[in-house]
Amino acid sequence: MTSWDLAYYLLRANYDRVDSDYLKGHHLSEVRDTDGKINYRYGCTVTGVQDEGEHVRVRLTRRNEDGTEAEEELTTKFVIAADGPSSTVRKMLYPDIERKYTGYVVVRGTLPETEASQAALDVFRERFCFYHTEGIQNLTYTIAGENGNTEPGHRLLNFVWYTNFPEGGPELEKVLTDKDGRRRHITIPPGMIDEKAWEMIKSRARDRLPPQMAEMAEKSKAPFVQCITDVASPKPLHMGDKVCFVGDALFGFRPHTVASTSQAAFNVMTLVDWLDGKIDRKQFVQRVMEYGRLIQSRGIQIGDRSQFETLPVEEYIKDRNMMSTPRKDLDFPEWTREGIETM
1 MTSWDLAYYL LRANYDRVDS DYLKGHHLSE VRDTDGKINY RYGCTVTGVQ DEGEHVRVRL
61 TRRNEDGTEA EEELTTKFVI AADGPSSTVR KMLYPDIERK YTGYVVVRGT LPETEASQAA
121 LDVFRERFCF YHTEGIQNLT YTIAGENGNT EPGHRLLNFV WYTNFPEGGP ELEKVLTDKD
181 GRRRHITIPP GMIDEKAWEM IKSRARDRLP PQMAEMAEKS KAPFVQCITD VASPKPLHMG
241 DKVCFVGDAL FGFRPHTVAS TSQAAFNVMT LVDWLDGKID RKQFVQRVME YGRLIQSRGI
301 QIGDRSQFET LPVEEYIKDR NMMSTPRKDL DFPEWTREGI ETM
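Below, the structure is given as structure tokens:
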């Protein structure tokens, strides 16, 4: 398995030629005459999107290195809103659409191989381990370590633990209030979990998880917690086809689907096919909507079965295998295409 930081820096190396230790001595590719111009900017927050006929005006706030902020406006012919499940652009167009909490969270963290017990290493090394019990799913596996190092002894053990916290309950409130006393809405970032909340989570791990998996929670240095939510945009194209949602901004899948990155890639490749004239607008809309609707539905099914039903382990295995089907082999029911004609 890979890691997000490794994937990120490999993409940046190919997108805008960012050098890093992740390249392991490989040189960046030569600049080609056909390469487009790229301006990758940090610290920018979109504050407005306005339709101006042939163009879209985007307003943003830019945070400078000295901590000051500046207001800017950009004019463009096409905006790709790839700003995640809490999409700022979607909130501007559909202020009533909110991420809906599903009744459980995911606790995540990593541990260097060298800090794990031999009992844990015997179970997790070179394996993708699942554990299911009532209201719990845990998966632990090996990922690349610092600077993408995949050599044994230099990797990380990554744990992903789904556990139930009823909405409005005192335990959820405790978990979502960070160490500074701020009530978070969706995510407690690494390093921000309140000490008492983390002790509560570790106690739950000791009580409910196999010892090797509980060890991952006990020893993790920078764990974080995310609420599992459902959210979807009504359609991909807006403002006379000048604004397009892709990835999580279009459909926010539950993590069980392991398909969020696939959706983003598929959306963008399909968008390029439309812009290049290989498919028409209707085909673009149908393909991204039917895929998003189907996979989101499956994620809800898998997540609810995992967290709120008690099933034979064979059923959970069947759910995992269902998400391994390539898109070209998927059967899209008629309901995945409802209303597409009017989008």
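In full-length UniProt numbering, the protein residues as written are 1 to 343. Heads up, the beta-carbon is just placed ideally off N, CA and C, and yes, glycines get one too. Since the structure is predicted, the reported quantities are computational estimates derived from the model, not experimental observations.
Roughly how many angstroms separate the alpha carbons of residue i and residue j, rounded to a whole number?
i                 : j                 : result
leucine 6         : isoleucine 97     : 33 Å
tyrosine 22       : leucine 10        : 7 Å
glycine 36        : threonine 76      : 16 Å
aspartate 280     : aspartate 304     : 37 Å
tyrosine 316      : leucine 275       : 40 Å
residue 345       : leucine 271       : Outside the shown range of the chain, which is 1 to 343, sits residue 345, and nothing can be said about it.
valine 160        : alanine 217       : 10 Å
glutamate 113     : threonine 142     : 9 Å
aspartate 329     : phenylalanine 266 : 15 Å
phenylalanine 251 : valine 231        : 6 Å
proline 190       : alanine 144       : 18 Å
arginine 287      : proline 236       : 11 Å
arginine 99       : serine 86         : 7 Å
asparagine 321    : glycine 67        : 48 Å
proline 152       : tyrosine 15       : 30 Å
aspartate 33      : aspartate 273     : 22 Å
aspartate 122     : serine 3          : 21 Å
alanine 264       : arginine 327      : 13 Å
leucine 156       : tyrosine 8        : 17 Å
glutamate 338     : aspartate 331     : 15 Å
alanine 81        : lysine 278        : 22 Å
Mapping DSSP to helix, strand and coil, what is residue i?
i                 : result
glutamate 171     : helix
phenylalanine 332 : coil
glycine 103       : strand
aspartate 276     : coil
alanine 116       : coil
glycine 252       : strand
arginine 59       : strand
valine 246        : coil
asparagine 158    : strand
isoleucine 193    : coil
histidine 209     : Checking the displayed sequence, the identity of residue 209 turns out to be leucine instead of histidine. In the structure shown, leucine 209 sits in coil (DSSP, three-state: anything other than H, G, I, E or B).
threonine 342     : helix
asparagine 337    : Residue identity differs from the one stated: residue 337 is arginine in this sequence, not asparagine. If DSSP states are grouped into helix, strand and coil, arginine 337 belongs with the helices.
alanine 81        : strand
leucine 121       : helix
arginine 12       : helix
valine 231        : strand
leucine 176       : coil
isoleucine 186    : coil
Report the option in the options whose CA atom is closest to the CA atom of residue i.
i              : options                        : result
proline 166    : Asn14, Gly252, Tyr101          : Tyr101
lysine 219     : Ala197, Glu115, Ser306         : Glu115
glutamine 50   : Ser297, Asp241, Arg293         : Asp241
lysine 174     : Trp4, Pro152, Val105           : Val105
glutamate 314  : His132, Thr2, Ala119           : His132
asparagine 39  : Ile136, Ser29, His27, Val18    : Val18
cysteine 44    : Asp33, Leu28, Arg63            : Arg63
aspartate 194  : Glu338, Arg182, Val79, Gly168  : Arg182
asparagine 147 : Tyr162, Ser20, Glu134          : Ser20
glutamate 65   : Gln283, Leu156, Tyr42          : Tyr42
proline 210    : Arg184, Gln283, Asp178, Asn138 : Asn138
glutamate 312  : Asp122, Asn14, Glu134, Arg337  : With the sequence shown as reference, residue 312 is identified as proline, and glutamate is not the correct amino acid for it. It is Glu134.
isoleucine 228 : Ala81, Asp178, Met200, Tyr162  : Tyr162
glycine 48     : Val79, Ile340, Gln263, Arg327  : Val79
serine 297     : Arg327, Trp4, Thr257           : Thr257
valine 46      : Tyr8, Lys91, His26             : Lys91
Grab me the residues of residue i's own chain with a C-beta within less than 7 Å of its C-beta, minus the 5 sequence neighbours each way, in chain order.
i              : result
leucine 93     : His238
aspartate 83   : Val89, Ala249
alanine 259    : Phe253, Ile295, Met323
arginine 204   : Thr163
arginine 206   : Ala214
lysine 202     : Ala217, Glu218
isoleucine 340 : Val285, Gln286, Met289
State yes or no: is the C-beta of residue i within less than 9 Å of the C-beta of residue j?
i                 : j                 : result
threonine 61      : glutamate 71      : yes
phenylalanine 245 : valine 89         : yes
glycine 299       : proline 333       : no
threonine 140     : phenylalanine 124 : yes
asparagine 164    : arginine 108      : no
valine 268        : glycine 247       : yes
threonine 110     : alanine 222       : yes
valine 243        : valine 56         : yes
threonine 187     : glutamine 226     : yes
methionine 192    : aspartate 178     : yes
valine 343        : proline 170       : Per the sequence shown, residue 343 should be read as methionine rather than valine. It is not a contact, given that the beta carbons lie outside the stated cut-off.
phenylalanine 308 : glycine 168       : no
Closer than 8 Å by C-beta to residue i: which residues in its own chain qualify, once you throw out the five before and the five after it? Chain order, please.
i             : result
glutamine 301 : Asp319
glutamate 54  : Lys77
serine 117    : Gln212, Glu215
lysine 24     : Asn147, Gly148
Got a sec? Which residues, its chain only, sit under 6 Å from residue i by beta carbon, not counting five neighbours each side?
i                 : result
leucine 74        : Val58
valine 197        : In the sequence under discussion, the amino acid at residue 197 is alanine, which differs from the valine named in the question. Excluding sequence neighbours, alanine 197 sits near Lys174, Val175.
phenylalanine 130 : Leu139
Using a C-beta cutoff of 9 Å, does residue i count as contacting chain C?
i           : result
leucine 237 : Absent here is chain C; the protein component of the structure consists of one chain.
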